[in-house]
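Report on one structure; see the data block that follows.
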Amino acid sequence: MRISQFFLSTTKEAPAEAELTSHQLMLRAGMIRRLGSGLYTWMPLGLRVLRKVEAIVREEMNRAGAIELLMPAIQPAELWQETGRWAVFGPQMLKITDRHQRDFCFGPTHEEVITDIARRELNSYKQLPITFYQVQTKFRDEIRPRFGVMRAREFLMKDAYSFHADAEGLDATYQTMYAAYSRIFTRLGLKFRAVAADTGAIGGSGSHEFHVLADSGEDGIAFCQASDYAANIEMAEAFAPAAARAAPAEAMRAVDTPKQTTCEAVAALLGIELTRTVKLLAVMVGEKLVVVLVRGDHSLNEVKLGKVSGMADFRFATEAEIRAAFNCPPGFLGPVGLDRAQIRVIADHSVAALSDFVCGANKPKFHTAGVNWGRDLPEPDLIADIRNVVVGDTSPDGQGTLELCRGIEVGHIFKLGDKYSEALGAQFLDEQGQRRAFVMGCYGIGVSRIVGAAIEQGHDARGIIFPPALAPFDLVIVPMGYHRNAEVKSAADALYAELLAAGVDVALDDRDERPGVMFADMELIGIPHRVVVSERGLKEAQLEYRARTDSEASFMPLADAGAELARRVRAG
RNA sequence: CGGGGUGUAGCGUAGCCCGGUAGCGCGCCUGGUUUGGGACCAGGAUGUCGGAGGUUCGAAUCCUCUCACCCCGACCA
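Here it is in structure tokens:
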């Protein structure tokens, strides 16, 4: 591509709307332009990158045996009413009415449509297993679109769905997809991690998320260096303390805490470890108060608490409800002296293992120290893992300790089971001639999000550093004086032609711009390889080469430059 | 949804408090000089000041409504 024939639209300054580095760089590089909240045009430069991601995803899906199709973006309400998700999906779903007043939605996902295909097209176990996929534009009306293309409302997704006769068949395809996803993200040149994930509302027996590691990621990940354990923070299991609870050593006593309403402040005042304080969280299940206890240095994991029996629909108590129940404002609440016939107490393992701990006194401006289970208050009604893991916790697989990092979710694979096939009556005949519902899996990749995630992971002060597989061009030729010097022009043109012939996705910056402008643009848009053709270089029969990640340029002989550059491009 | 903020030329912004009809940088156009790190000189174009209504002799500026966008939050007592 000759840049003079292309469309570049770079800027020095980023629009004020962009907060995240990758978002700013995508705007400055002219990859995307915002049309509305969460809606982006992929400009020619950005589209090149998006297409490269798509191409790799397609190749690997095909390699894994999945078959591409394309379903409508607009879907009739009836299908969603069959599975009950028309109501469940709620405001995240963009609903549309046609001229006949019939309801439709802009598809946020395609389980219903693909299961409808399956119920019509797949009749026999002999057709199984089979996996379909598509690359489709989805729309989800996010509460708060942000970070540009990373949490957009309209976005490009690769979604795949597999159909099986039984759970074993699903397991096999799930493993195949897991491997395919690992290949995809490796080929894309991203630092990523597959993590065990919560199956959430979709249900099912297994799920992994693929995260691109980045500090700005929206998700917390716990992982272990000593093993390959990695889990979404919602899922990561906290090990119960191994040691038995120590015997009481202190007498229970009230302590003055006039202004100390947090565990941190109380611990500081008393000069004790934060790990010896207990935090009380008042939650409501219906109209009934439940007391939840975690250690002062820990935080509640709401997903885990929601899985505790009877706690599925809990919510946090309001301040008014707290005052009504405890006759005490928040900040001084504790588990001692509660009417346990009325109030259920759920304690985290780490709290149940404490002795001589400190908690609120249920009396303004007082806490209680030296508290012991069994002596000063009854044992908890339930002891469970309800906290978030913290750095240094023992890994659930027993090997080493946990570390935490942030990630951007770019892929998610699910064992769906028969939820959708049952709801939609999608069945096949097995070897015995029996009708059975399909066992299903689904596998998503956020194609457009990957572009943002890659930039989040690869950039410097000059701009984007694309992994070679994603860059809009493999290599750029920057001639010094293309429009003034015939030798430079012919050398640049010759090299351009040679690289094109060698199959390199090469750009020739033949704009009549000053060198500084060309250098700055090409660095901003993240081209991995740059070669400068100049009059003084040609005198020595040399070209100047610099990789985007190099700190300095180097020289190479003009004679075999084409072959050498093609080699470097292929090496990545 | 709750809270906060911002809307002035394509982008970034000043002006707003204290009303007098809009300025700067980048970009864009013309001419010239330049040409290895976002050039310089000269000239030029581009603004319904987000929209509607109101107050006023007069509104970017004050008031009311509205729209859009951004940020934070929607859990740790």
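Quick note: the first sequence uses my numbering, first residue 88, plus one each step.
Each residue gets a CB set at the ideal place from its N, CA and C atoms; glycine is no exception.
Anticipated Cβ contact below 8 Å, residue i with residue j, distance rounded
{"i": "Arg280", "j": "Ile320", "result": "Arg280 to Ile320, Cβ: 13 Å. No contact."}
{"i": "Tyr220", "j": "Gly498", "result": "That pair is no contact at about 13 Å."}
{"i": "Arg617", "j": "Met609", "result": "6 Å"}
{"i": "Leu132", "j": "Pro559", "result": "5 Å"}
{"i": "Val140", "j": "Leu557", "result": "6 Å"}
{"i": "Leu595", "j": "Arg89", "result": "5 Å"}
{"i": "Glu207", "j": "Phe226", "result": "Going by the sequence as given, residue 207 is Arg instead of Glu. The pair is not a contact, with the Cβ atoms about 25 Å apart (cut-off 8 Å)."}
{"i": "Gly383", "j": "Ala354", "result": "6 Å"}
{"i": "Ile500", "j": "His295", "result": "5 Å"}
{"i": "Gly533", "j": "Glu622", "result": "The Cβ separation is near 47 Å, so there is no contact."}
{"i": "Leu107", "j": "Phe234", "result": "5 Å"}
{"i": "Gln312", "j": "Gly487", "result": "6 Å"}
{"i": "Arg363", "j": "Leu441", "result": "7 Å"}
Spatial neighbours of residue i in its chain, beta-carbon cut-off 6 Å, leaving aside the 5 residues before and after
{"i": "Gly494", "result": "His298, Leu300, Gly304, Asp306, Ile308"}
{"i": "Met237", "result": "Arg536, Gly539"}
{"i": "Ala323", "result": "Ala309, Val476"}
{"i": "Met696", "result": "With the chain covering 88 to 659 only, the question about residue 696 has no answer from this structure."}
{"i": "Asp592", "result": "Phe560, Asp561"}
{"i": "Ala398", "result": "Checking the sequence shown, residue 398 turns out to be Met, not Ala. Leu392."}
{"i": "Val342", "result": "His454, Ala456"}
{"i": "Val395", "result": "Ala471"}
Strand pairing of residue i, partner residues [DSSP]
{"i": "Thr184", "result": "Asp190"}
{"i": "Ile551", "result": "His546"}
{"i": "Tyr220", "result": "Glu155, Ala247"}
{"i": "Gln514", "result": "Ala524"}
{"i": "Tyr530", "result": "Ala247, Ile500"}
{"i": "Thr128", "result": "Arg120"}
{"i": "Glu490", "result": "Phe310"}
{"i": "Lys278", "result": "Bridge partners of Lys278: none, in fact."}
{"i": "Leu464", "result": "Trp460"}
{"i": "Ile230", "result": "Note: Ile230 sits in no beta bridge, so no partner."}
{"i": "Lys225", "result": "Phe242"}
{"i": "His298", "result": "Arg280, Glu496"}
{"i": "Val619", "result": "Val565, Glu631"}
{"i": "Gly133", "result": "Answer by DSSP bridge pairing: none, since Gly133 is not bridged."}
{"i": "Ser211", "result": "Leu516"}
{"i": "Pro102", "result": "Per DSSP, none; premise fails for Pro102."}
{"i": "Pro163", "result": "Phe191"}
{"i": "Ala471", "result": "Asp435"}
{"i": "Gly479", "result": "In the DSSP output, where bridge partners are listed per residue, Gly479 has none listed."}
Buried versus exposed, by CB contacts within 10 Å (16 or more), residue i
{"i": "Val604", "result": "exposed"}
{"i": "Asp468", "result": "exposed"}
{"i": "Asn449", "result": "buried"}
{"i": "Asp400", "result": "exposed"}
{"i": "Gly125", "result": "buried"}
{"i": "Ile201", "result": "buried"}
{"i": "Ala565", "result": "According to the sequence provided, residue 565 is Val. The question's Ala does not apply to it. Counting Cβ neighbours within 10 Å, Val565 comes out buried, since at least 16 surround it."}
{"i": "Glu543", "result": "buried"}
{"i": "Ile154", "result": "exposed"}
{"i": "His570", "result": "exposed"}
{"i": "Pro216", "result": "buried"}
{"i": "Gln214", "result": "exposed"}
{"i": "Ile473", "result": "buried"}
{"i": "Ile230", "result": "exposed"}
{"i": "Phe515", "result": "buried"}
{"i": "Val478", "result": "exposed"}
{"i": "Gln92", "result": "exposed"}
{"i": "Gln162", "result": "buried"}
8 Å Cβ shell around residue i - same chain, five flanking residues per side excluded
{"i": "Phe272", "result": "Phe279, Phe297, Val299, Val497, Gly498"}
{"i": "Leu368", "result": "Val378, Val379, Leu380, Val381, Leu387, Phe403"}
{"i": "Glu406", "result": "Pro416, Pro417"}
{"i": "Thr184", "result": "Asp190, Phe191"}
{"i": "Glu169", "result": "Glu199, Ala510, Leu511"}
{"i": "Gly256", "result": "Leu215, Pro216, Val526"}
Neighbourhood of residue i by C-beta distance below 7 Å, restricted to the same chain and skipping five residues each side
{"i": "Leu156", "result": "Phe219, Gln221"}
{"i": "Glu466", "result": "Trp460"}
{"i": "Pro554", "result": "Leu275, Gly276, Leu277, Ala541, Gly545"}
{"i": "Val656", "result": "Asp561, Leu562, Val591, His616"}
{"i": "Ala338", "result": "Gly457"}
{"i": "Tyr316", "result": "Phe310, Ser482, Pro483, Asp484"}
In chain order, each alpha helix (DSSP H) run of at least 4 residues that lies wholly inside the region 317 to 395: 350 to 357, 389 to 394
Going along the chain, which unbroken runs of the alpha helix (DSSP H) with 4 or more residues stay wholly within the region 621 to 657? 622 to 626
Segments assigned alpha helix (DSSP H), at least 4 residues, entirely inside the region 562 to 597: 573 to 588
In chain order, each beta strand (DSSP E) run of at least 3 residues that lies wholly inside the region 387 to 454: With a minimum length of 3 residues, the continuous beta strand (DSSP E) runs that stay inside the region 387 to 454 are 431 to 435, 444 to 450.
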